[in-house]
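Worksheet: one structure, shown below.
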Amino acid sequence: MGLRLSIVSLLFIAMLIAGCGTEPKERVVDLADFKSQMLGQHSRYFQEQGDQLSWQQAASQFAQSDLPYGHSESIALGIGTEPVWLHFQVNNPQATAREMRLAVKTPWLDIIDAYIVADNTLIAHINGGDYLPFEQRPMAHENFAFKYQFEPGLTDVYLRVESLGPMAIPLELSTVEQAQQLDIASAYRFGLLYGMLLALSLYNSLLYLITREKEFGLYSLYLAGFVLNSFSYTGQLHEIITVDLGVHFQDWLDCFLMITYSVAGLHFARALLKTKNYAPVLDRVVVWTTIAFPLGILLGALANQLVFSLLLGFMLNSGFATLFIIMGIRARQAQVDSANLFIVASVTAAVCIGISTMAVAGIVPYNAYTFQAIEVGMVFEAIMLAIVLAKRFNLVQQDLAVAEKFAHTDPLTNVNNRRGFQQPAEALFKAAVDNNQDIAVLLIDIDHFKRINDQYGHTVGDEVIQMTASCLANSTRKTDLIARWGGEEFIMLLNNTSQAEGRNFAERIRLSLAELRCNTPSGAVNFTVSIGAAGSNQRVCAGKKLAELSLPELIKCADSALYEAKKAGRNRVVELCGDCPFTEASTAEK
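Numbering follows my numbering, with no gaps: position 40 of the sequence shown is 245.
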């Protein structure tokens, strides 16, 4: 009894195994409660060998041969393959016809013929592909698509696909309503993708115009090139360009746009990471890669060798992703700022590009996720690289700010130099004129400065200049301007201050500086200054209205007053006064 049970059990298991290993003759697409489905695993296929077959010959081969079904949502066979025949069956269990839409969701396939057969009789023949101008296609759609009323019962659908480009055939059967919803969702998705990338591209192009840093311009070209390439290989560009430019027009356009963004991307990475400075050999490899592959593709175009050019294009795409990673690693070794973020972005993009490339080449299953992985990778990479460039922009701005400061600041005293004084002084003078306010200019010169330098050395001379600048800076208001005018001479522009008030202010400064002592090995050194003051009283200066004068003329008046102060014995303030051009305001005590 036990032996019989064991034998029965073994037979039952064997039957289960045999049953599990047996495929049904046809995997029929049932339209009961049907909305949308990818038909890769419901379709059998074979490749033509020799002459082109009729649909009857293809049907006979499907009937007589044990042909394979697709293993994923799409049937992908690589580049430059022979024409492919596909077959699937649709069952409509309802009593009335049902309208469906069949689409091949790869826009670059050259020639597609669909044969609708019922009871071994050809009901309809629909032809399309990107060799047809857009307006001549079965539907106004970037992909090969058509609507058909499936009658009750079984219907056979045969498709013949011919293309020199990547043979990726994602078949989708949908209700018309569901197809429209899928199209709308796809449009929103692409709109979001393109909008984000184009916004980043425009932003970086503006940064390039502002900074003239070439990495911003190259990144803008890189993003714009990818968007244009995506716009082409998804077929959307050909809804705009509808002229008949040949059977393989879209294939060639995709090929050239693909290398355009790859070349721009590699040169962007060179500029961003400054590889020429620390990795000259790698830098030359990148440069020659961006020259050799496009030249090879161009030669392929001149010889009309599409498959050769496409293979070079995919090789460049793969090499582009690999070189990005290598450049990032080398930059990290050289301790380049933001190299870590660049590596994260590059690895993610490389994985996604690799998945999409292998899906199109038929190495991995082709479906919506593998085909569009490149777009996910590009968005992630774009965000990461935008962060890198934002950091770079901040560094550029900091460098510009430092350079601007050095260009307008005297390094010894840390006050404005003559260049740093000029622009804000002109604005301050104009504001005084516009607002009917007085303004005063003081020119301060350290007395006998050459003697101090000769007797105590330049170090002491520099310290005297620094002490003078510090005293002047601590004496001014935030609205006043101070600058080192040259050598041992300083200038002050006093806002909303009359000449009389400026004269009194200058006297306080003269007394304060006279009290300072500079310690040296030879003992304490004191020094004095001479000051020339010029300005307006009641908006009138030397008999002229302030509005009739310019700032250089006012400074010239102060310079003349300073000359008179030094001529009169130094250590004093001299001001410009009315008809008597110069009046001594004060002298040092004898």
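In this text, a Cβ means the ideal position worked out from N, Cα and C, and glycines have one as well.
State the Cα-Cα distance for the pair residue i and residue j, rounded to the nearest angstrom.
i	j	result
H276	K419	47 angstroms
I579	R475	22 angstroms
L478	L500	26 angstroms
A790	L600	Confidence is the limiting factor: at A790 the pLDDT is only 47, short of 50, which leaves the residue's position unreliable, though a coordinate-based value still follows. Taking the straight line joining both Cα atoms gives about 51 angstroms.
G255	I560	33 angstroms
F267	Y274	11 angstroms
I651	T618	14 angstroms
S755	L686	17 angstroms
D271	L376	21 angstroms
F197	T326	Because the chain is modelled from 206 through 795, residue 197 falls outside the range shown and cannot be assessed.
V322	L546	56 angstroms
L594	K635	40 angstroms
H472	A506	24 angstroms
G226	L515	Bear in mind that a pLDDT of 40 at G226, under 50, signals an unreliable position, so the number given afterwards is only what the model happens to contain. G226 and L515: Cα-Cα distance of roughly 39 angstroms.
E278	I530	31 angstroms
P229	D488	Confidence in P229 is poor, its pLDDT being 44 and thus under 50, which makes the residue's placement too unreliable to answer from.
A189	L236	Only positions 206 to 795 of the chain appear in this structure, which leaves residue 189 out of reach.
R775	I714	14 angstroms
F217	A345	The predicted model places F217 with a pLDDT of 33, which falls under 50 and marks its position as unreliable; any figure quoted below should be read in that light. About 55 angstroms.
N724	R682	29 angstroms
K749	Q603	45 angstroms
CB residue i to CB residue j, shorter than 8 angstroms?
i	j	result
W260	Y353	no
N409	Y424	yes
Y399	V432	yes
I374	V309	yes
R537	A544	yes
V289	V366	yes
A645	G740	yes
D643	T702	yes
F355	I331	no
G533	S551	yes
L511	D459	no
D361	Q257	no
T575	V569	yes
I657	V730	yes
Y363	A264	yes
R624	W690	no
Please state whether DSSP places residue i in a helix, a strand or coil.
i	result
Q299	coil
L405	helix
I445	coil
G255	coil
Q266	helix
T439	coil
S735	strand
L754	coil
L337	coil
G226	Only weak support is given to the placement of G226: the predicted model assigns it a pLDDT of 40, under 50, and the value that follows is read from those uncertain coordinates. G226 falls in the helix class under three-state DSSP.
R715	helix
R775	coil
P629	helix
L500	helix
Count the other CB atoms, across all protein chains shown, that sit within 10 Å of the CB of residue i; report buried if there are 16 or more and exposed otherwise.
i	result
R203	Outside the shown range of the chain, which is 206 to 795, sits residue 203, and nothing can be said about it.
L378	buried
P312	buried
H292	buried
E693	buried
E780	buried
I670	buried
Residue range of the beta strand (DSSP E) that residue i falls in?
i	result
G817	The first residue shown for the chain is 206 and the last is 795, placing residue 817 beyond what the model contains.
Y353	F349 to F355
H330	T326 to G333
E694	E694 to N700
R689	L686 to G691
L376	L376 to T380
L648	I644 to I651
S241	S241 to M243
Going by DSSP, what residue range makes up the alpha helix (DSSP H) through residue i?
i	result
P288	Counting along the chain, P288 falls outside any alpha helix (DSSP H), and DSSP gives it neither H nor E.
H663	H663 to S680
L511	L511 to Q538
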